[in-house]
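There are 2 protein chains.
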Amino acid sequence: MKKPTKTQYEARAEVLKAMAHPSRLLIVDELAKGERCVCELTEMIGADVSTVSKHLSLLKNAGIVMDEKRGTQVFYTLRVPCVVNFFSCVEAVLKERARIYLSAVAG
Amino acid sequence: MKKPTKTQYEARAEVLKAMAHPSRLLIVDELAKGERCVCELTEMIGADVSTVSKHLSLLKNAGIVMDEKRGTQVFYTLRVPCVVNFFSCVEAVLKERARIYLSAVAG
DNA sequence: TTCATTCTTGGCAGTTTAGCCAAATAGCCA
DNA sequence: TGGCTATTTGGCTAAACTGCCAAGAATGAA
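Okay, here's the thing in structure tokens:
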């Protein structure tokens, strides 16, 4: 990887943006355990089905998940499981942020 | 890590959202090589200084970078270097996406 | 066919984000 | 102090995002 172009950064940003939403992170986290239908995810998230469906289609367009229709249900799975690894680093950032906050309070 | 709460997913999303922008990805990529002042980053990005400054302050609030003022210049560094590791997985997603696209074209 | 279920799509209102310019702030030097 | 450079902040507009409801499409059962 030499020097990514502007377009490459845009493509990368698109992938990250697809994950940068609480409900979509919950979806990814849940799919890491195995396939789930839209109805199951909808119940977990507690939003309108149409909202969840749009989140899923966004993740699908980003290339992160894939879907498979079986009967009236649609099951989603992670297409690129490595995205789950983001969490540990994100947690590290959050810990760091807590540290900053505490040291600011302590003066 | 048992079962992240809604608030935890929101915090995580905030971190990812901070990275989900082409210019901010470029910044992270560049800071991975070492500290840079605002002026250097501004030249690389090719946007108004004020715009770059806002991107940096966003990354800083997210806990991803930190700044140090020396003279009239402000130098930024990665506070949590592991974010650089996101790229390889993001690239995997992009490759997968290209594969989907090609198979769609091929029929 | 008709009905019920599951999911997707269209459309709308409210909120957030991006990027520019202008103005304010901070540090350095004469 | 005054001027110069580097950076941040405020304000504005345009664009993008979110979530709901309503409507449409697909499947299976009666």
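Residue numbers (my numbering), protein chains in the order written: chain A, 1 to 107; chain B, 1001 to 1107. Glycine included, C-beta positions come from ideal geometry on N, C-alpha and C. Only a predicted model underlies this, so the values are computations on that prediction, with no experimental measurement involved.
Asked	Found
Can you tell me whether B/R1097 is buried or exposed, with buried defined as 16 or more other CB within 10 angstroms of its CB?	buried
Kindly confirm or deny that the segment 4–21 of chain A and the segment 1015–1032 of chain B touch, where touching means at least three C-beta pairs closer than 8 Å.	yes
Relative to the C-alpha of B/Y1076, which candidate in B/V1028, B/L1016, B/F1087, B/T1007 has its C-alpha closest?	B/V1028
So B/K1017 is in the alpha helix (DSSP H); what residue range does that whole segment cover?	1006–1019
Would B/L1016 pass as a contact of B/E1030 if the rule is Cβ separation under 8 Å?	no
Could you give the first and the last residue of the continuous alpha helix (DSSP H) run that contains A/V74?	Unbroken run through A/V74 is the beta strand (DSSP E), 73–78; no alpha helix (DSSP H).
Chain A partners of B/C1089, CB-CB under 8 Å?	V80, C82, V83, N85, F86
Assign B/G1071 to one of two classes, buried (16 or more other C-beta atoms within 10 Å of its C-beta) or exposed (fewer than that).	exposed
Any chance the segment 1088–1107 of chain B sits against the segment 75–89 of chain A, with 3 or more Cβ pairs inside 8 Å?	yes
Using DSSP with H/G/I as helix, E/B as strand and the rest coil, what is B/E1096?	helix
Using a Cβ-Cβ cutoff of less than 8 Å, which residues in the same chain neighbour A/A47 once the five nearest sequence positions on both sides are dropped?	S23
From A/T51, A/N61, A/E35, A/V49, pick the residue whose C-alpha is nearest to that of B/A1104; which is it?	A/N61
Along the chain, where does the beta strand (DSSP E) that runs through A/R67 open and close?	First, the residue type needs correcting, since residue 67 of chain A is Asp and not Arg in the sequence shown. From DSSP, the beta strand (DSSP E) with A/D67 extends over 65–70.
Bridge partners of B/R1036, per DSSP?	B/Y1076
Classify B/G1063: buried if its beta carbon has 16 or more other beta carbons within 10 angstroms, exposed otherwise.	buried
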